[in-house]
Every structure is written in C-alpha cells, then in structure tokens.
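Q: Can you read through this structure? Questions will come right after.
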Amino acid sequence: MRKFDLEAFNKHKKNDATYCRYINTDNNGKNQEIYILEHIDTYQQTITYLNTPIKKRHLYDKKTLNVTKEIESFYDCIIGFRREYNEKGELIKEINNDLPFKFSWQDLVKKMKLEYAIDLMNENDQIKTNNHVSSISRNSQTMKYFIIIPCEFTPHGITEERFEIDATTGKTIIHIKNRAKSYPKTSI
-16 MRKFDLEAFN KHKKNDATYC RYINTDNNGK NQEIYILEHI DTYQQTITYL NTPIKKRHLY
44 DKKTLNVTKE IESFYDCIIG FRREYNEKGE LIKEINNDLP FKFSWQDLVK KMKLEYAIDL
104 MNENDQIKTN NHVSSISRNS QTMKYFIIIP CEFTPHGITE ERFEIDATTG KTIIHIKNRA
164 KSYPKTSI
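Quick note on my numbering: the sequence shown kicks off at -16 and runs consecutively.
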C-alpha cells in the first residue's frame, strides 16, 4: 500500500507554504521531479520523469496518509489504469483507460518517430529539432489522437502543426504542417 511521505513534504516546503517541489532519484535510478500540493483533506503528488511527458499523480488522505486515487498521463492523455482506494488503502475501483484504443499511445510514439522523426518521449530532442509538442490528447468517442506542435513565427504562415491520427488503425487522417518542414517517410 502506497503511503504519503509527510517527512519529505515538510522537509522541502518553505515556511508555511502549502506546496513544494524537489528532484530525486527513483529506485530504478531515474531522475524525477516531485510536486506536492496540500489541500484541506488531501495531499496531491505529481511525479514527472525528467525529459519525458509521463506524469504520475497520487491523491492521499490527509488523516491516514494512504493513497486514495492514482492516475498516469502521457501529455494530456490519461493512460494505463486509474485506481481508487478506500480509507484503508484497499483497491475499490480500477479503470483501464487504454482499453478503447486499438492503436495505443505506445504505437503513436513509434509512428511519430518513424514517419515524422518526432520523438514524443524525448522533450530535449524535440527542442533541438524544433518539434516541441505542446499537446497530445485523445478522444474515445471520435477515436482520434490530436497532436499540436507550435511553429516558429512565419508571416501569413501556419502558426502550429497539427496531426489527427486514427486511434483504431493508426492512419494519419489530417496533417497540417509548416511548409518549411520536411519528413523522411512521408510524401505530404
């Protein structure tokens, strides 16, 4: 059962602040940023693995320090399992957010890297190649992924690059791009 680390929160928060932010290393040796926000009845913890778009969020009961909810996200997409726990920390509800999508978010990562040379998992590489992704979302009703990449200012040009990808087949439905860019595996 996951418990809130009250000692770390008190150590890293400044004075009477209701939040703190610090960087540490997880058990696998990966650097992560921890952001904690104190609410009236709960603590909210967001863990961001540095240089990746993956975030884990946990909500903890303030009295018991037990986890009450946890989710994981990839940009703006809730991925994996959303879990809810009772006050004893026992699992009471679990929802698989990836289930409706035959073309998974991992498939999307592979497609964008192979076809467009955009590494969705490496934010530093995105900055170097002028492909910094500002938003990725998915919709289970339309079964589409939506990707937005802001472009450098071009007079009378397109201010952002947009992709719509079919979340069932993985086919690119719409790709609006800046004319100055070219991609290795496409004829668009």
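Glycine included, every Cβ here is placed at the ideal spot set by N, Cα and C.
Taking 7 Å as the cut-off, decide whether the C-beta atoms of residue 16 and residue 1 are in contact.
A: Taking 7 Å as the Cβ cut-off, residue 16 and residue 1 do not qualify as a contacting pair.
Q: So what does residue 157 bridge to, in DSSP terms?
A: DSSP output for residue 157 lists 147 as bridge partner(s).
Q: With the cut-off set at 7 Å, would you say residue 45 and residue 29 are in Cβ contact?
A: Cβ atoms of residue 45 and residue 29: not closer than 7 Å.
Q: Between 4, -4, 32 and 19, which has its C-alpha nearest residue 11's C-alpha?
A: Per the Cα distances, 32.
Q: Are the stretch 70 to 87 and the stretch 95 to 108 touching, with three or more C-beta to C-beta distances below 8 Å?
A: At 8 Å Cβ cutoff, the stretches do not touch.
Q: Check this for me: beta carbons of residue 57 and residue 77, under 7 Å apart or not?
A: Not closer than 7 Å, so no.
Q: For residue 95, count neighbouring C-beta atoms within 10 Å of its own C-beta (all shown protein chains included) and say buried if the count is 16 or more, exposed if not.
A: By the neighbour-count rule (16 or more Cβ atoms within 10 Å), residue 95 is buried.
Q: At 3 residues or longer, what runs of the beta strand (DSSP E) sit wholly inside the stretch 6 to 89?
A: Within the stretch 6 to 89, the complete beta strand (DSSP E) runs of at least 3 residues are 14 to 21, 25 to 32, 37 to 44, 50 to 57, 60 to 68 and 74 to 79.
Q: Can you give me the Cβ contacts of residue 170 inside the same chain, cut-off strictly under 7 Å, excluding the 5 residues immediately before and after it?
A: Note that residue 170 has pLDDT 49, beneath the 50 cutoff, so the model's placement of it is unreliable and no number is given.
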